[in-house]
Amino acid sequence: MWYYMEFRRRVGREGALKFLILWLLSENPRNGVEIINEIERMTWGWWRPSPGSVYPLLSSLSKDGFIVKMPDGRYQILEKGLEEIKEVLPPRKPRTVEDILNEIEGYISYLEEIGKDKISHYKSKVEAIKIRLEKLI
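Taking numbering that gives the first Met the number 0 as reference, the numbering of the sequence shown is continuous, increasing by one, and the terminal residue is 136.
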């Protein structure tokens, strides 16, 4: 929760999309559609930014020297963009086993809420995870 509050304080509501775009581009170059789709995937469908928000922001980020548009239409982050991300992200504490288990528990709660019918085609993957977890205890 603290990370979220600190993030909101540093970037504000309007800066969230800018930060997300820079963060996604720090992983690998993407085009606008890939950015929109990835944000939708990351938020489990709760937020799909409109092209009318994303493309003008990409243009602005390019003009300001944070990113560059490559000949294939994808955008690549530049050093200035990487520095911007470092300024926004709070220092990350070392993760504990308890933190990781709490996060796993949260994901399990989410999967329980969406129901078996939504995850049934992932049964073999869930079984493989179950086997790996059983080996740990």
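Ideal Cβ positions, reconstructed from N, Cα and C, are used throughout, including at glycine.
In terms of residues, what are the limits of the beta strand (DSSP E) holding residue i?
{"i": "Y141", "result": "No answer is possible for residue 141: it lies beyond the span of the chain, which begins at 0 and ends at 136."}
Have a look at the options and flag the residue whose alpha-carbon is nearest the alpha-carbon of residue i.
{"i": "P28", "options": "P70, D63, D116 and E83", "result": "P70"}
{"i": "K62", "options": "S49, W46 and K79", "result": "K79"}
{"i": "R47", "options": "A15, E37, L56 and Y54", "result": "E37"}
{"i": "L77", "options": "L24, G51, E33 and Y109", "result": "L24"}
{"i": "I113", "options": "D98, G44 and T95", "result": "G44"}
{"i": "L178", "options": "K134, Q75, E133 and A127", "result": "This structure does not reach residue 178, given that the chain is present from 0 up to 136, and the question cannot be answered."}
{"i": "E26", "options": "R73, A127, S58 and G14", "result": "R73"}
{"i": "I107", "options": "D116, T95, V125 and R94", "result": "V125"}
Terminal residues of the continuous alpha helix (DSSP H) containing residue i?
{"i": "I130", "result": "K122 to L135"}
{"i": "M41", "result": "G31 to M41"}
{"i": "G51", "result": "P50 to K62"}
{"i": "L81", "result": "E78 to V87"}
Under 8 Å by Cβ, that's how I've got residue i and residue j pegged, so tell me the actual separation to the nearest angstrom.
{"i": "L16", "j": "L56", "result": "6 Å"}
{"i": "V67", "j": "G31", "result": "Contact doesn't hold; Cβ gap of about 14 Å is too wide."}
{"i": "F65", "j": "E83", "result": "6 Å"}
{"i": "I118", "j": "L110", "result": "6 Å"}
{"i": "I34", "j": "P50", "result": "With a Cβ gap of about 10 Å, I34 and P50 do not count as contacting."}
Name the one or two DSSP bridge partners that residue i has.
{"i": "K68", "result": "Y74"}
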